[in-house]
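Trainee: The structure that follows is given in the form of structure tokens.
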Ligand code: S3P
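Residue numbers (full-length UniProt numbering): 1 to 194.
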């Protein structure tokens, strides 16, 4: 088995998609991309501002356009927003030439990891835990259905998760070969090199 063109991370807020994605990209010799951060860079505004001014619907339109654009990339690890699975038209975009990984995390971990966050509009209310529970009930079946690999992250360090993922994605590729793939990666405007 050879490495997939893209690795796409899905899962709820607080699952560790960005942290694990960045480390996994390094390990595979791939570029790391984060769809939310690119949306913010392109828009020149942060996600709370986009939700405020354009509503969740406006944000979802931008998200679908971004997933469409990023579905053409190669040698990339893409971290997606927790709601990326909500639009059925996104599913084919997420799966295109990709191994999809669901970073599965307990509600308790999600609450803990998002506790102090002010950048997630859906959680700025009196009952963020209730919101996370309701979102999980709707989205967990979608993440599971889309994923080639379901990886539990509770009580695991990001390093351990990455090691287990590398083994699941391609157990046979030695490290020196993965390193070589760093050369020849294309640049996506509005992103930084990993
Ligand atoms: C959202 C998750 C966020 C971001 C937006 C909406 C969601 O991304 O896309 O606030 O609907 O779950 P993270 O999962 O990276 O926090």
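Even for Gly, the Cβ is constructed at its ideal location relative to N, Cα and C. Here the structure is a predicted model, which is why all the values come from computation and not from measurement.
1. Over what stretch of residues does the alpha helix (DSSP H) that includes residue 104 continue unbroken?
2. So within the segment 108-173, which uninterrupted alpha helix (DSSP H) runs reach at least 4 residues, ignoring any that extend past its ends?
3. Could you tell me the alpha carbon to alpha carbon distance between residue 168 and residue 149, rounded to whole angstroms?
4. Is the beta carbon of residue 12 closer than 8 Å to that of residue 98?
5. Is residue 58 near ligand 1, going by C-beta to nearest heavy atom under 7 Å?
6. Got a sec: does ligand 1 put a non-hydrogen atom nearer than 7 Å to the Cβ of residue 47?
7. May I ask you to check if the CB of residue 83 is nearer than 7 Å to at least one heavy atom of ligand 1?
8. Label residue 193 either buried or exposed according to how many other C-beta atoms from any shown protein chain fall within 10 Å of its C-beta, with 16 as the threshold for buried.
9. Considering just the uninterrupted stretch of the beta strand (DSSP E) at residue 79, what are its terminal residues?
10. At the level of alpha carbons, what is the spacing between residue 182 and residue 126?
11. Less than 8 Å between CB atoms is the rule here; does residue 143 satisfy it with respect to chain C?
12. Taking C-alpha atoms, which residue in 51, 29, 46, 86 lies nearest to residue 138?
13. With residue 6 as the anchor, note down where its beta strand (DSSP E) starts and where it stops.
14. First and last residue of the beta strand (DSSP E) that includes residue 94?
15. When you compare each of 160, 152, 100 to residue 14 by their alpha carbons, which one comes out closest?
16. Candidates 90, 147, 28, 103: which alpha carbon is nearest residue 156's?
Mentor: Put simply:
1. That residue, residue 104, is in no alpha helix (DSSP H); its beta strand (DSSP E) goes 98-104.
2. Entirely contained in the segment 108-173, the alpha helix (DSSP H) runs reaching 4 residues are, in chain order, 128-146, 158-169.
3. 8 Å
4. No, Cβ-Cβ distance for residue 98 and residue 12 is not below 8 Å.
5. Not one heavy atom of ligand 1 sits closer than 7 Å to the Cβ of residue 58.
6. yes
7. Because some heavy atom of ligand 1 lies under 7 Å away, the Cβ of residue 83 counts as near it: yes.
8. Note on residue 193: pLDDT 48, under 50, position unreliable in the model; the coordinate value appears next. It counts as exposed.
9. 76-79
10. With a pLDDT of only 49 at residue 182, under 50, the local geometry of the prediction cannot be trusted, and no value is derived from it.
11. Absence of chain C from the displayed structure is noted, only one protein chain being present.
12. 86
13. 6-10
14. Taken as a continuous stretch (DSSP letters only), residue 94 belongs to no beta strand (DSSP E), being part of the alpha helix (DSSP H) at 88-95.
15. 152
16. 103
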